[in-house]
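Numbering (this note's numbering), first residue to last: 484 to 766.
Cβ coordinates follow ideal geometry from the N, Cα and C atoms, glycine included.
From a predicted model like this one, the values you see are computed outputs, not experimental measurements.
What follows is a single structure, written as structure tokens, with notes after it.
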Amino acid sequence: MGTTRVRVPDFLARKQRGEKLVVLTAYDATMARLLDAGGVDALLVGDSLGTVIMGEETTLPVTLDVMVHHTRAVSRGAVRALVIADMPFLSYQVNADEAVRNAGRLLQEGGAAAVKLEGGRPVAPTVRRLTEAGIPVMGHLGLMPQSVHALGGHRRQRLDDAGVDALLADALALQEAGAFAVVLEAVPSGAAGRVTASLDIPTIGIGAGPDCDGQVLVSYDMLGLLGDAVPSFVRRYAGLADVVRDAARSYGDEVRQGRFPSAAATATASGAPATAGAAKDDQ
Ligand code: KIV
């Protein structure tokens, strides 16, 4: 893994070489910098920020302005990873002209290199308009959180044979329309494997088994920041919730006991800026 920036065409090249793609969500510059340093190939500014960052129950309240704001932050933190921004609810469903204008903001103001949107055959004409405008598009099939009310909740997709055929037809329509990759969320492993084998472009799975060309997880889930409220397919690679809680407790104890700040450190640091970020800017 070098330091060369990952670009959209690299996704296809990776699939052709049989190399897995590694994607995580990010919502701010500090976390983007850390995940990028950890070698992920792409940072997805997911509209999952509605639930993860904003504390909402669904992704529906996330607006385009909010997505632009967070995408800008992630773009500042990313050095190597490709930055992909989610198009939020109603930013691409109304018509293709609006979709182009809104996706354009995520690239122009947010600094993203690509956008992601949910849906299959019904959104294929919009995907074509976006790609013809030079805006790379990642598709998203299976569990589509922006359709939470139509689906009756965030449910795993149970697919009969006709459902798998429909999933494949949607994926092929996205590929035909110019999408460079497709997320498969919460679909049975066998169906994800069939779609993956049938497409030239890579599939990126989340809760879709091991046969996809890459995997994506919500970073707060895999870092163990969300406690036990995570989907069963998530593997935790850290337990940061405990680390953060313990740090807050230790800080509180020391402030209450008069052990922080210490008189000596305060005397040495007098005149220093209040945050590490400000200190860096002043150098
Ligand atoms: O919004 C998001 O984070 C996503 C991923 C779960 C794929 O769409």
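| query | result |
| --- | --- |
| Beta-carbon contacts of aspartate 511 that lie in its chain and below 6 Å, excluding the five residues immediately before and after | Ala556 |
| Check whether valine 505 and phenylalanine 663 have beta carbons under 9 Å apart | no |
| Simplified DSSP assignment, three categories, for lysine 503 | coil |
| Length at least 3, wholly inside the segment 680-759: the beta strand (DSSP E) runs in chain order | 686-689, 697-700 |
| Sufficient close CB pairs (3 or more, under 8 Å) joining the segment 598-605 to the segment 615-624 | yes |
| Cβ contact (3+ pairs, closer than 8 Å) linking the segment 631-642 and the segment 571-586 | no |
| DSSP three-state assignment for valine 610, whether helix, strand or coil | helix |
| Threonine 487 burial status per 10 Å Cβ neighbour count (16 or more: buried) | exposed |
| Aspartate 569 versus Val577, Ala561, Gly560, Val549, residue with shortest Cα-Cα distance | Val549 |
| Beta strand (DSSP E) segment containing glutamate 668, residue limits | 664-668 |
| First through last residue of the alpha helix (DSSP H) which encompasses aspartate 548 | 547-560 |
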